[in-house]
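Going down the list, the sequences are from chains A and B.
Using the numbering used here, read the first sequence as starting at 1 and increasing by one per residue.
Using the numbering used here, read the second sequence as starting at 263 and increasing by one per residue.
Glycine included, each C-beta is placed from N, C-alpha and C at the ideal position.
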Amino acid sequence: MQPQARKVSLSSGELSYFAAGEGRPVVYLHPAGGVRWTKVQDELAKSFKLHVPIMPGFDGTAAHVQVKSMKGLAALAGEFIEKTLGGPCDVIGCSFGGYLATWLAAERPQLVDHLVLECPAGFRPKGKGERPADPEALKKVLFLHPEKLPPETKTAEQEAGNRKMLPYYGYAADTDEELLARLPSIDKLTLILHGTGDRMIPKESVQVLKSRLAHAYLVYIWDAAHAIEVDQPERMLAVLTSFLQRSEGFMVNWGTLAINEG
Amino acid sequence: MKFSFFHLMPYTHLDLESHEWPFPNRYFDAEKASALYRTYVESMIHAESCGFDWVGCNEHHFSPYGMMANPNLIGGALAYPTKRVKIAIVGNLVPLNNPIRVAEEYAMLDCMSGGRLVAGLMRGIPHEYLAYNIPPGESWERQREAVQLILKAWTEPEPFGWEGKHFQYRQVSIWPKPMQKPHPPLVISASNADSAKFAAEMRATMGMVLLADLPSGKECIRVYKETAKAHGWEPTADNILVGMHTCIAETDDEARRWLAQGLKYFDQVLMGGLQASQRIILQKTRYFENEESRDRWKSRLDKRKTLTLDEAIERGTVLCGSPETVVSQIKRIHSELGHGVFNFTVKVGTLPDEVIRRGMELFRDRVLPHVRDL
Numbered sequence: 001m002q003p004q005a006r007k008v009s010l011s012s013g014e015l016s017y018f019a020a021g022e023g024r025p026v027v028y029l030h031p032a033g034g035v036r037w038t039k040v041q042d043e044l045a046k047s048f049k050l051h052v053p054i055m056p057g058f059d060g061t062a063a064h065v066q067v068k069s070m071k072g073l074a075a076l077a078g079e080f081i082e083k084t085l086g087g088p089c090d091v092i093g094c095s096f097g098g099y100l101a102t103w104l105a106a107e108r109p110q111l112v113d114h115l116v117l118e119c120p121a122g123f124r125p126k127g128k129g130e131r132p133a134d135p136e137a138l139k140k141v142l143f144l145h146p147e148k149l150p151p152e153t154k155t156a157e158q159e160a161g162n163r164k165m166l167p168y169y170g171y172a173a174d175t176d177e178e179l180l181a182r183l184p185s186i187d188k189l190t191l192i193l194h195g196t197g198d199r200m201i202p203k204e205s206v207q208v209l210k211s212r213l214a215h216a217y218l219v220y221i222w223d224a225a226h227a228i229e230v231d232q233p234e235r236m237l238a239v240l241t242s243f244l245q246r247s248e249g250f251m252v253n254w255g256t257l258a259i260n261e262g
Numbered sequence: 263m264k265f266s267f268f269h270l271m272p273y274t275h276l277d278l279e280s281h282e283w284p285f286p287n288r289y290f291d292a293e294k295a296s297a298l299y300r301t302y303v304e305s306m307i308h309a310e311s312c313g314f315d316w317v318g319c320n321e322h323h324f325s326p327y328g329m330m331a332n333p334n335l336i337g338g339a340l341a342y343p344t345k346r347v348k349i350a351i352v353g354n355l356v357p358l359n360n361p362i363r364v365a366e367e368y369a370m371l372d373c374m375s376g377g378r379l380v381a382g383l384m385r386g387i388p389h390e391y392l393a394y395n396i397p398p399g400e401s402w403e404r405q406r407e408a409v410q411l412i413l414k415a416w417t418e419p420e421p422f423g424w425e426g427k428h429f430q431y432r433q434v435s436i437w438p439k440p441m442q443k444p445h446p447p448l449v450i451s452a453s454n455a456d457s458a459k460f461a462a463e464m465r466a467t468m469g470m471v472l473l474a475d476l477p478s479g480k481e482c483i484r485v486y487k488e489t490a491k492a493h494g495w496e497p498t499a500d501n502i503l504v505g506m507h508t509c510i511a512e513t514d515d516e517a518r519r520w521l522a523q524g525l526k527y528f529d530q531v532l533m534g535g536l537q538a539s540q541r542i543i544l545q546k547t548r549y550f551e552n553e554e555s556r557d558r559w560k561s562r563l564d565k566r567k568t569l570t571l572d573e574a575i576e577r578g579t580v581l582c583g584s585p586e587t588v589v590s591q592i593k594r595i596h597s598e599l600g601h602g603v604f605n606f607t608v609k610v611g612t613l614p615d616e617v618i619r620r621g622m623e624l625f626r627d628r629v630l631p632h633v634r635d636l
């Protein structure tokens, strides 16, 4: 399914986003590498109304001068949801986007229904997790199955520009202590996904989220590194769509004889 | 050097050869089996007082080869009558079983025994895949995934889910968790290069049983150590377990006579059906990841069948003789392999239980004092 490129005017400036599909609204917050349209977005768009905003400064877009922090970015994401969807939606955040989604749930809880944190950044114990600068080494940390990568559409300049945005937003390379302290206040039904081969976000990061969030489920995706969507899209979708459609009922194996699939 | 008293728990009341698989269970007599279980378990309990460090058993199906469809039940029977000895279940066949059930039962055994479990996580010999209707070609994938899932089940501080290729659990939170932290020591079979690599990756003790010869054992140990180093750890001698058929008697002649008798039943009755089924699997499936491993396994089976007892002793692949002879055999094999755990398979076929008992006492009085400090 081809996503439509759109723009929306927000109080801090114009924001580009992709839209695809119809159904219950889902917002997907992208990782530090920018938007990568994978099989996961394609499949989600078959059942949901999917919006994927490009955070200011990423993928060649202009930064918003008033938005310079993760908290500020969460406010912008909240305004985006209000303007484009008009109310609460399910929020999926991947890595950097997972960090942002957690801020959004803390700051604007009324806009978030289900929360999905896919290998979220922001909670790394100090010194843990690999973050190689060398592109080849980075690729090895990101993917166990790089052969599954869709063709790269970003230019080298865009990739370099994306990398610069992390310090711009005051991205916590280790643990964001302020957000950590606010985790117990987040009461959203949350799904945390982590690849069993993720060397960038250590398991301690997701364990702390699981222990501090009131209603969270942690699921490990076997044979996936940091980029779960690339390494194991089918496994991720099996858990993700079931969670979004059935809430706590995602724990039930419905088999083929379910009398009430909802 | 640590010593393990390992029991296959064979059914020993058959008087026919069979090359059928599965072995027809019309020949099974529950009264006789009941007596055998009692004898075997009592002998395993007695091993503690004979100085053994571990007492162990494993899992087999559909055959008189071993009557332990679930060795964890034997572990439970050993947990309270013993106080010191490690209970080595070597092990559960994880690709065939529900890995969460394995994690739970092992955690139970570890708690019941006061933290004395040695947890074997084995792939299983080929014919077991027929018994549980699991594709042999999936054995490696299932083994890798199941072992990591079991480790997660033991060590995760919070409930978790697992979305894998062969195993899916939306939420796991086992009760009890193991007593030993972070988890009980692992043993993974490593009788070929592929399995030696996997054991090293998992930081498990490597287990080698039924060696074809010492050079092939040395090669597996080299691969294991090399892989461990690449994964950031250095195995000690205690991380290398070598297992052999063992018979200790008053004299060399007596030991050879008894072991020869036991081996005849082992090879002709217990192994008959297994070899037939294993050949089918080796020829028709991808149980082994490459032809080299498959050919090595086949040649090991063939060599074992044709080897005389004298040749096996000479090759250093069985322990057999008077206490003094066995001391020198242990020293020779240890000097070649540098291992830290010696696993004695004592109930070889129909080798009489009273002979085994006497051998255990000879081990305690006249073998162990000379090899404990190796």
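Contact annotation: in the segment 430-448 of chain B, residues whose CB is within less than 7 Å of a CB in chain A are R432, Q433.
For D372/B, the number of other beta carbons within 10 angstroms of its own is at least 16, and it is reported as buried.
Taking the CA atoms as reference points, H323/B sits about 14 Å from Q537/B. Contacts with chain B (Cβ-Cβ distance below 7 Å) from the segment 227-246 of chain A involve R235, A238, V239, listed in chain order. Excluding residues up to 5 positions away in sequence, I192, V206, K210 lie with their Cβ nearer than 6 Å to the Cβ of L218/A in the same chain. Closer than 7 Å at the C-beta level to chain A, one finds no residue of the segment 488-503 of chain B.
With a 10 Å radius around the Cβ and a threshold of 16 neighbouring Cβ atoms, V504/B comes out buried. If you look at P53/A, you'll find it in the beta strand (DSSP E) that goes 48-53. Chain order gives the chain A residues near P419/B as Q207, K210, S211, where near means a beta carbon separation below 9 Å. Between A224/A and D231/A, the C-beta gap is smaller than 9 Å, which places the two residues in contact. Contact between the segment 179-192 of chain A and the segment 97-110 of chain A is present: 3 or more CB-CB pairs across the two stretches fall below 8 Å. For a Cβ distance threshold of 7 Å, residue set R432, Q433 of chain B lies close to M251/A, ordered along the chain. In the DSSP assignment, S266/B falls within the beta strand (DSSP E) that extends over 264-268. Non-local beta-carbon contacts of H145/A in its own chain, meaning distances under 6 Å to residues more than five positions away in sequence, involve D231 in chain order.
Taking 7 Å as the upper bound on Cβ-Cβ separation, chain A lies near residues E407, Q410, K414 of the segment 384-416 of chain B.
With respect to A20/A, A45/A sits close: the two C-beta atoms are nearer than 9 Å. Q545/B is classed as exposed because its beta carbon has fewer than 16 other beta carbons within 10 Å across all chains shown. For T190/A, none of the residues of chain B pass the 7 Å Cβ criterion, the least Cβ distance being about 13 Å. DSSP places Q433/B in the uninterrupted beta strand (DSSP E) bounded by 430-434. Interface with chain A (9 Å Cβ-Cβ cutoff): G535/B is excluded. In the DSSP assignment, M468/B forms a beta bridge with I450/B, I502/B. With fewer than three CB-CB distances shorter than 8 Å, the segment 84-91 of chain A does not count as touching the segment 152-171 of chain A. In this structure, the straight-line span from the alpha carbon of I201/A to that of I362/B is close to 25 Å. Around the beta carbon of D176/A, 16 or more other beta carbons sit within 10 angstroms, so the residue counts as buried. Burial check for W520/B: the Cβ neighbour count within 10 Å reaches 16 or more, so the residue is buried.
When the alpha-carbon of V303/B is set against those of A408/B, C509/B, M329/B, the nearest one is in M329/B. Beta-bridge partners assigned by DSSP to V317/B: F267/B, I349/B.
Residue environment analysis places A101/A among the buried positions, since at least 16 neighbouring C-beta atoms fall within 10 angstroms of its C-beta.
Taking a contact to require three or more Cβ pairs closer than 8 Å, the segment 343-352 of chain B and the segment 378-390 of chain B qualify as touching. DSSP places A381/B within a strand segment (E or B) once states are collapsed to three. Neighbours of Y168/A in chain B, taken as residues whose beta carbon is under 8 Å from its own, are absent, since the nearest beta carbon is some 34 Å off.
Residue contact check for E425/B against chain A: a CB pair falls below 9 Å. Taking every protein chain shown into account, the CB of V112/A has 16 or more other CB atoms within 10 angstroms, so this residue is buried. Under the Cβ criterion of 9 Å, W254/A is not counted among the residues facing chain B.
Sequence-distant Cβ neighbours of R6/A in its own chain, meaning closer than 6 Å and more than five residues away, are Y17, A19. Using a CB distance cut-off of 9 Å, F268/B does not count as an interface residue toward chain A.
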